[in-house]
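Student: Quick one: this structure, given as structure tokens, is what I'll be asking you about.
Number of protein chains: 6
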Amino acid sequence: MTIDQYRLEEEPTYHPSGDEVAFYESAYAARLPVMLKGPTGCGKTRFVEHMAWRLGKPLITVSCHEDMTASDLVGRFLLGPEGTHWQDGPLTMAVRHGAICYLDEVVEARQDTTVVIHSLTDDRRILPLEKKGELVHAHPDFQLVISYNPGYQSVLKDLKESTKQRFSAVDFTYPMASVEASIVASEADVSADIADKLVKIAEKSRHLRGQGLEEGASTRMLIHAGRLIKTGMTLTDACKHAIIVPITDDPDMRGALDAVVDACA
Amino acid sequence: MTIDQYRLEEEPTYHPSGDEVAFYESAYAARLPVMLKGPTGCGKTRFVEHMAWRLGKPLITVSCHEDMTASDLVGRFLLGPEGTHWQDGPLTMAVRHGAICYLDEVVEARQDTTVVIHSLTDDRRILPLEKKGELVHAHPDFQLVISYNPGYQSVLKDLKESTKQRFSAVDFTYPMASVEASIVASEADVSADIADKLVKIAEKSRHLRGQGLEEGASTRMLIHAGRLIKTGMTLTDACKHAIIVPITDDPDMRGALDAVVDACA
Amino acid sequence: MTIDQYRLEEEPTYHPSGDEVAFYESAYAARLPVMLKGPTGCGKTRFVEHMAWRLGKPLITVSCHEDMTASDLVGRFLLGPEGTHWQDGPLTMAVRHGAICYLDEVVEARQDTTVVIHSLTDDRRILPLEKKGELVHAHPDFQLVISYNPGYQSVLKDLKESTKQRFSAVDFTYPMASVEASIVASEADVSADIADKLVKIAEKSRHLRGQGLEEGASTRMLIHAGRLIKTGMTLTDACKHAIIVPITDDPDMRGALDAVVDACA
Amino acid sequence: MTIDQYRLEEEPTYHPSGDEVAFYESAYAARLPVMLKGPTGCGKTRFVEHMAWRLGKPLITVSCHEDMTASDLVGRFLLGPEGTHWQDGPLTMAVRHGAICYLDEVVEARQDTTVVIHSLTDDRRILPLEKKGELVHAHPDFQLVISYNPGYQSVLKDLKESTKQRFSAVDFTYPMASVEASIVASEADVSADIADKLVKIAEKSRHLRGQGLEEGASTRMLIHAGRLIKTGMTLTDACKHAIIVPITDDPDMRGALDAVVDACA
Amino acid sequence: MTIDQYRLEEEPTYHPSGDEVAFYESAYAARLPVMLKGPTGCGKTRFVEHMAWRLGKPLITVSCHEDMTASDLVGRFLLGPEGTHWQDGPLTMAVRHGAICYLDEVVEARQDTTVVIHSLTDDRRILPLEKKGELVHAHPDFQLVISYNPGYQSVLKDLKESTKQRFSAVDFTYPMASVEASIVASEADVSADIADKLVKIAEKSRHLRGQGLEEGASTRMLIHAGRLIKTGMTLTDACKHAIIVPITDDPDMRGALDAVVDACA
Amino acid sequence: MTIDQYRLEEEPTYHPSGDEVAFYESAYAARLPVMLKGPTGCGKTRFVEHMAWRLGKPLITVSCHEDMTASDLVGRFLLGPEGTHWQDGPLTMAVRHGAICYLDEVVEARQDTTVVIHSLTDDRRILPLEKKGELVHAHPDFQLVISYNPGYQSVLKDLKESTKQRFSAVDFTYPMASVEASIVASEADVSADIADKLVKIAEKSRHLRGQGLEEGASTRMLIHAGRLIKTGMTLTDACKHAIIVPITDDPDMRGALDAVVDACA
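Chains as they are written, first to last, in UniProt numbering: chain A, 1 to 265; chain B, 1 to 265; chain C, 1 to 265; chain D, 1 to 265; chain E, 1 to 265; chain F, 1 to 265.
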């Protein structure tokens, strides 16, 4: 139950698309908090894993959700055989032991969660554990990273300006076709030819976004399709089960996607 | 109280309608998360039971609902004679011991529940028990399955794109007439003739869907009617009690359904 | 605190109006879940008591309400002198010991309550106690019964189709005049003449339903009036206190009901 | 902490306005649940105290409110030096020991509270303590009384028909002038002349109801004014402080009420 | 931790504006509950402190808010080294020991809080501690006082008629200029000349109420300005920081208030 | 865990923009509560740190949020090896030991939090710990400071007049260009030339406020950009990651900001 369980054992492969690696290294050197902006499934989680491995720091990832409270991040008293003892939450563990703490989709969390990070994201770099009456000064290696999907935000649910302005940020999007194909080929262990076909299907699906499709096929879906092909399934069936059926129930949109697959298969 | 109580003792009979068995075997081989899409009572639960039996894995089923929290899935501390101890929830039990975990109607659950499954449905295959400060790496046999009824979703209550895109999916619908009749005959222990009549009644009721009827009679209802007939009730009375009275209170719709039964009896 | 406290000691008198007794016996023989449909105060609770007595099974009745949770039905851990122990809820008690469990106005309960009954109302007949990590297989005598008042349902609060389709159902309404009069005469211990007059008043009040009156006088109200008469009150005063004042405050409606009583007294 | 602390030591004076005493005696003889209907401050609480004294039964009064839960009425487990013990709530105490239980403004309570009383208000006369797994059979002396203010109900907050129909009911309103004057004279210990003046003022204020005044002056307010006069205050000042200032802030309405007081003083 | 900590050690100075002292003495003599009506910062809290000192009674003040529950007023069980013990809340402490209990802005509290005071504000003068199963009879010296700001009430949040009619009431408003000036001079220890100027500024600000200003400067703000002047600040700067900046951000309104200050300085 | 951990060890540098230091010294001398008004990231937190250091007092800062309760500020009972003990919250700690308590963005907190400070912000200077039955008299050095961002308030969420009028207040805004440049140069350790360029960019961004940008770049963002430059990044890239990407996703606004950076670089 130590911080070491959060160290990555193997290098998570990552194919850069722009200046994101250099930016992250600068931001980490200056210990600036970092915001990763971009759509679902385009590699933000993989990127932060890669950077943590590269910098040799433990990584504590927390998937945020609307029922998450500040206590879930910071910690709480638990009742044991000898009365209560304090259990550090994932954020406190990172702050104390110098990990990178990655709050995935932080905007989903309740406001108390976002306010908790304020004193960690300015010059104070402290975390007050109010329930315990302790002020934790952040370990020099500690850094905070959050992800943010611009397509999901609404007036009701957005980061406050006073939170946004605490972060330096970098944009993510789907990788270029050649990069994406090599990701799919290596992750799903399929041929370059199949990977190319899957990427073409994905690109066409992404053009349908906003025309009845909420989002196009992500790189993750292409890897899924590749893995089904690897078990012996046809490319058409694999695309049906890994891409088309999951993202739409609309008969017309399914027809359009079927046609896309047929054209590329 | 071991994982073995979740093993199926007898084969759950299942009558395939398409390529769903082959798809599932591929998806399980690639350990892809699976989403079963389709209306109420058409056999999704039976299918996953059948596949678990076929693959020889324990099956832990959780019926989701809007008051379900992440703790209900993951586990919690309980107070015992020697202070608190941790009690694994059904999802954690499946993750640790290599069961198939089936979250029925997952869209009904609160968002924290769906976010909890994110790190289990990508390459990480880990489940962080934040309250316990433990990272559980999934057993190699573990697989996650969810069901999803497209007819029930609304703008307010739908899976997020970032959740949907983690699953490979297969469509379910009512079985073909001949398949459905043999299911009814074997499950209710009635003659082929009675089973045929019940299936005809069901098909006609399904055409009334959207004309004042929310859904047509499911296969389950036909089995219920068959079992009432088996106790000596007439087909007309059995259809009244097992099909018509449960699904509608509208006098006109009841009249239309009575006419359907009279025509087929 | 055993299951025996839920056995009925005396036969609850019940006057059948249709085929409901035969239907219930068939449904119980097939162990189908049963839904009793009908308005307030027309004898649904009495019917299920009668059937439980007739079949010689214990009966556990739960009045559902919007603050009822799944734990209220299933059970919870309680803290005692030697740490926590598990306390079965009423549903679990029925499932373990083979009682009939009657959930009165189940649609009022929160959704987690209705989802809890899903695995008990299909072929599995199991109740997972997730907090305890136990799977309870239903006793062969166990049966689930729910009541449902069609006049009360709204778009916001209705049983889901996937719940409705698990039940066989029977309609209840007010009994025929002669049957109702004999119920009133025997329950309130009044003469047949008085009972006839009360039933006539009730029938006329039921015609006013929808014309400013939410529901007409129920059989229960007639029995109340009869009992007040038995203490020496006049029929007019008894109808005022037991029927008119409770159901309306509108002066015109009160006048109409006074006229009905005068005409029948 | 016994039931005896709920016995009334002195007779609460009560001035009947109609047949309410005879009705209550009949309803109690038949053990019918009773509903007292009428506006604020016209003596419903005093009436039920009087009847409890007259019948020699203990009286347990509960003021209902929208945060009241079923547990507040029924009881709960409390943690003591030897683990948890069960603490009967006020309703359970009344049910066990044969008190009259008066739920004041029951419509304010949450629905679980009103559903809890269902099994006590039909022939079963039982109270299931689900958390404790106990069925309490009501003491033969137990009776349930509720109050209901028709002027307060709204579509959102009203008793359900299935609750209303369980009660016999009696109307309350302000007493006749001569009765009200003798109440004021005796309760405030003022002369008949002053009491008459106060009653005239009240009557005129009640005519202003609906013309900018939510309710007229209640009998209680007249007694308050009388008691201030008894300390040496003028009738005009007493009416200002005990009647006018509490019920309105509107300058015109205050002027109208000042004029009423001047005319009667 | 005794009731004596609630006794006032020094006389709180109070400058009467009308008959409020005489009224309060009468109301206390008759033990009538009292409602103090008026705007923010005009001396209601100071008045009740003065009266408690004058009558030689302890004073327990509770600032009400929308998250306050009945338990916060009445008390609760706390877990100590020897199991739970009961902790009286501030209201119960006042009821038992004969203090004046002042509920400031009671309308802000949840309804259960206002219902709790019903049985204390009629002839019963009792407080049922339902969780403890105890009926507390009020000490003869106990009195209940509430404050009420008519300008704040809305349809959604107002005292119920059945609560209002339990109180005798007195109006508060800003004191006359000469009275207010002597309050400011003595409380802030400034010259009569400065106090006069501040009062003139306040009066002009109060005329701007409703023209873009929610409320004018209260007596409290004038004292604040006086105290800043006492530290050496100019009258203009003191008015800026103690009056203008706190109450408005609107540039035009700030300009108008600046002009008011310049004209009076 | 003593009050001393809240003393500032080094002087927080602060560049005054107006009379705020003198005002604060006066307000502290008179022990008036202080409200700091102004937009995000313009130095309010740094100012109060500077003043606490200057006055030699400990500083307890609390970031308020909408899930914060009065108990989070005041304290609560915690269960330890010898039963419960009371844990002072941050406000109580400040009140007892004479610290300055800074409630950052207090308007975000729930109402019970703002009401708790009422008795600390008038002449009483007391804090009632109602759950503990203790009245804490404030230490003579205690002072309360709150921040308030006028641009964020809405009708639904604003301080009540009765709260606002308890504070003396001072306005904050972005510092003058020359002051801001010297802050950036010293905090980010960059040349005056770079600091000047960054300030020019910020000023232009602030003119875009309300034209699609919620707020312009804060001083904090300029320091971030400076620090990235210090690691070797170009000014253009540093502005992209530290200013543009964090505050907007709109392509047109990004173009406008890119042009601003190009023009100043």
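By construction, the Cβ of each residue, glycine as well, lies at the ideal position given by its N, Cα and C atoms. As the structure is a prediction and not an experimental result, all values here were calculated from the model.
(1) Starting from Phe167 (chain B), find everything on chain A with Cβ-Cβ shorter than 8 Å and list it in chain order.
(2) Report the neighbours of Gln87 (chain F) on chain A: residues whose CB is nearer than 9 Å to its CB, in chain order.
(3) I'd like to know if Lys211 (chain D) contacts chain E, where contact means its C-beta is closer than 8 Å to some C-beta of that chain.
(4) Using only CA atoms, which one of B:Leu222, B:Ala109, B:Thr13, B:Pro175 lies nearest to His65 (chain A)?
(5) How is Thr40 (chain F) classed by DSSP in three states: helix, strand or coil?
(6) State the beta-bridge partners of Glu134 (chain A) as determined by DSSP.
(7) Among residues of its own chain, excluding the 5 on either side of Pro90 (chain C), which ones have a beta-carbon nearer than 6 Å to its beta-carbon?
(8) Taking only beta-carbon positions, decide if Arg253 (chain A) is within less than 8 Å of chain B.
(9) Residues of chain C with a CB under 7 Å from the CB of Arg227 (chain B): which are they?
(10) Show which residues of chain F have a CB atom less than 8 Å away from the CB atom of Lys37 (chain A).
(11) Once the 5 residues before and after Leu127 (chain D) are set aside, which same chain residues still bring their CB inside 6 Å of it?
(12) Nearest to Ala242 (chain D) by alpha carbon, out of E:Ala169, E:Asp88, E:Gly98?
(13) Using 10 angstroms around the beta-carbon of Gly18 (chain E), count the other beta-carbons present and answer buried if the total reaches 16, otherwise exposed.
(14) At what residues does the beta strand (DSSP E) containing Ile146 (chain A) begin and finish?
(15) Grab the span of the beta strand (DSSP E) containing Cys101 (chain F) for me, first residue to last.
(16) Between which residues of its own chain and Ala217 (chain F) is the CB-CB distance below 6 Å, once the five residues before and five after are set aside?
(17) Please compile the residues from chain D whose C-beta is within a distance smaller than 8 Å of the C-beta of Gln111 (chain E).
(18) Taking 8 Å as the threshold (beta carbon to beta carbon), is Ala27 (chain F) in contact with chain E?
(19) In whole angstroms, what separates the C-alpha of Ala185 (chain B) from that of Ser191 (chain B)?
(20) Would you kindly work out how many angstroms separate the C-alpha atoms of Val116 (chain E) and Thr69 (chain D), rounded to a whole number?
(21) Please classify Met35 (chain B): is it buried, with 16 or more other beta-carbons within 10 angstroms of its beta-carbon, or exposed?
(22) Can you tell me whether Glu11 (chain E) is buried or exposed, with buried defined as 16 or more other CB within 10 angstroms of its CB?
(23) If we ignore side chains and look at the alpha-carbon of each, how far apart do Ile247 (chain B) and Val179 (chain A) end up?
(24) Evaluate the contact criterion for the region 250–259 of chain D versus the region 25–35 of chain E: three or more CB pairs, one atom per stretch, below 8 Å.
(25) With distance defined between alpha-carbon atoms, name the residue in A:Pro175, A:Gln111, A:Asn149, A:Lys160 nearest to Tyr14 (chain A).
(26) Between E:Gln5, E:Gly75, E:Tyr148, which lies nearest to Lys44 (chain E) when the distance is taken from Cα to Cα?
(27) In its own chain, which residues sit with a C-beta less than 8 Å from the C-beta of Cys42 (chain A), not counting the 5 before and 5 after it?
(28) With a threshold of 7 Å on Cβ separation, who are the neighbours of Val261 (chain C) within its own chain once the five nearest residues in sequence on each side are excluded?
(29) List the residues of chain E whose Cβ lies closer than 8 Å to the Cβ of His118 (chain F), in chain order.
(30) List the residues of chain D whose Cβ lies closer than 8 Å to the Cβ of Asp122 (chain E), in chain order.
(31) Which one or two residues does DSSP pair with Leu59 (chain D) in a beta bridge?
(32) Can you list, in chain order, the residues of its chain whose CB lies under 7 Å from that of Gly56 (chain C), leaving out five sequence neighbours each side?
(33) Output needed for Asp122 (chain A): all residues of its chain with C-beta closer than 7 Å, excluding positions within five of it in sequence on either side, in chain order.
(34) Once the 5 residues before and after Arg227 (chain A) are set aside, which same chain residues still bring their CB inside 7 Å of it?
(35) Once DSSP output is grouped into helix, strand and coil, what is the label at Ser119 (chain B)?
(36) State the start and end residues of the unbroken beta strand (DSSP E) segment that holds Ala169 (chain A).
Tutor: Straight from the coordinates:
(1) In the second sequence, residue 167 (chain B) corresponds to position 167, counting from 1. Simply Pro246.
(2) Here residue 87 (chain F) corresponds to residue number 87 of the sixth sequence, with the count starting at 1. In chain order: Lys131, Lys132, Gly133.
(3) For the purposes of this step, residue 211 (chain D) is taken as the residue at position 211 of the fourth sequence. The residue you asked about is not Lys; residue 211 (chain D) is Gln in the sequence shown. Closer than 8 Å: no.
(4) As a working note, residue 65 (chain A) is residue 65 in the first sequence. For His65 (chain A), the nearest C-alpha among the options comes from B:Ala109.
(5) For the purposes of this step, residue 40 (chain F) is taken as the residue at position 40 of the sixth sequence. In the structure shown, Thr40 (chain F) sits in coil (DSSP, three-state: anything other than H, G, I, E or B).
(6) Walking along the first sequence from the start, residue 134 (chain A) turns up at place 134. BP columns for Glu134 (chain A) point to A:Leu129.
(7) Within the third sequence, residue 90 (chain C) is the residue found at index 90, counting from 1. These residues qualify, in order along the chain: Ile60, Val62.
(8) Indexing the first sequence from 1 puts residue 253 (chain A) at position 253. Before going on, a small fix: residue 253 (chain A) reads as Met here, not Arg. Closer than 8 Å: no.
(9) Here residue 227 (chain B) corresponds to residue number 227 of the second sequence, with the count starting at 1. Correct list: Ala30, Leu32.
(10) Taking the first sequence and counting its residues from 1, the one referred to as residue 37 (chain A) is at position 37. Those are Val245, Asp249, listed as they occur along chain F.
(11) Working through the fourth sequence from its first residue, we reach residue 127 (chain D) at position 127. So the list reads Val95, Leu120, Val136, once near-sequence residues are dropped.
(12) Numbered from its first residue, the fourth sequence carries residue 242 (chain D) at position 242. When only C-alpha atoms are compared, the closest one is E:Ala169.
(13) Along the fifth sequence, one-based indexing puts residue 18 (chain E) at 18. By the neighbour-count rule (16 or more Cβ atoms within 10 Å), Gly18 (chain E) is not buried but exposed.
(14) Translated into positions along the first sequence, residue 146 (chain A) becomes position 146. Counting along the chain, the beta strand (DSSP E) containing Ile146 (chain A) begins and ends at 143–148.
(15) One-based indexing of the sixth sequence puts residue 101 (chain F) at position 101. Segment 100–104, the beta strand (DSSP E) holding Cys101 (chain F).
(16) Counted from its first residue, the sixth sequence places residue 217 (chain F) at position 217. The residues are Ala202, Ser205, Ile243.
(17) Here residue 111 (chain E) corresponds to residue number 111 of the fifth sequence, with the count starting at 1. Simply His65, Glu66, Asp67, Glu108.
(18) Locating residue 27 (chain F) in the sixth sequence gives position 27, where the first residue counts as 1. Yes, Ala27 (chain F) lies at the interface with chain E (some Cβ there is under 8 Å from its Cβ).
(19) Your numbering for residue 185 (chain B) matches position 185 in the second sequence. Your numbering for residue 191 (chain B) matches position 191 in the second sequence. Going from the Cα of Ala185 (chain B) to the Cα of Ser191 (chain B) covers about 6 Å.
(20) Counting from 1 along the fifth sequence, the entry for residue 116 (chain E) is found at position 116. Counting from 1 along the fourth sequence, the entry for residue 69 (chain D) is found at position 69. One C-alpha to the other measures close to 14 Å.
(21) Position 35 of the second sequence holds residue 35 (chain B). Buried.
(22) Position 11 of the fifth sequence, counted from the start, is the residue given in the question as residue 11 (chain E). Counting Cβ neighbours within 10 Å, Glu11 (chain E) comes out exposed, since fewer than 16 surround it.
(23) The residue given as residue 247 (chain B) occupies position 247 in the second sequence. The residue given as residue 179 (chain A) occupies position 179 in the first sequence. Ile247 (chain B) and Val179 (chain A): Cα-Cα distance of roughly 54 Å.
(24) no
(25) Locating residue 14 (chain A) in the first sequence gives position 14, counting from the first residue. Of the listed residues, the one whose Cα sits closest to Tyr14 (chain A) is A:Pro175.
(26) What you label residue 44 (chain E) is simply residue 44 of the fifth sequence in a count that begins at 1. Measuring from the Cα of Lys44 (chain E), the nearest candidate turns out to be E:Tyr148.
(27) Counting from one through the first sequence, the residue named residue 42 (chain A) turns up at place 42. Within the same chain, Cys42 (chain A) has close Cβ partners Phe172, Thr173, Tyr174, Pro175, Ser218, Thr219.
(28) Counted from its first residue, the third sequence places residue 261 (chain C) at position 261. So the qualifying residues of the chain are Ile201, Thr236, Cys239.
(29) For the purposes of this step, residue 118 (chain F) is taken as the residue at position 118 of the sixth sequence. Those within 8 Å of His118 (chain F) in chain E are Ser63, Asp104.
(30) On the fifth sequence, residue 122 (chain E) is found 122 positions in, with the first residue counted as 1. Under the 8 Å cutoff, chain D gives Thr45, Arg220.
(31) On the fourth sequence, position 59 is the one that residue 59 (chain D) refers to. Paired residues: D:Ile100.
(32) In the third sequence, counting from the first residue as 1, residue 56 (chain C) sits at position 56. So the list is empty, once near-sequence residues are dropped.
(33) Position 122 of the first sequence, counted from the first residue, corresponds to residue 122 (chain A). Cβ neighbours of Asp122 (chain A) beyond the five flanking positions: Arg166.
(34) Locating residue 227 (chain A) in the first sequence gives position 227, counting from the first residue. Cβ within range, chain order: Ala188.
(35) Position 119 of the second sequence holds residue 119 (chain B). The answer is helix: DSSP assigns Ser119 (chain B) an H, G or I state.
(36) Along the first sequence, one-based indexing puts residue 169 (chain A) at 169. From DSSP, the beta strand (DSSP E) with Ala169 (chain A) extends over 168–171.
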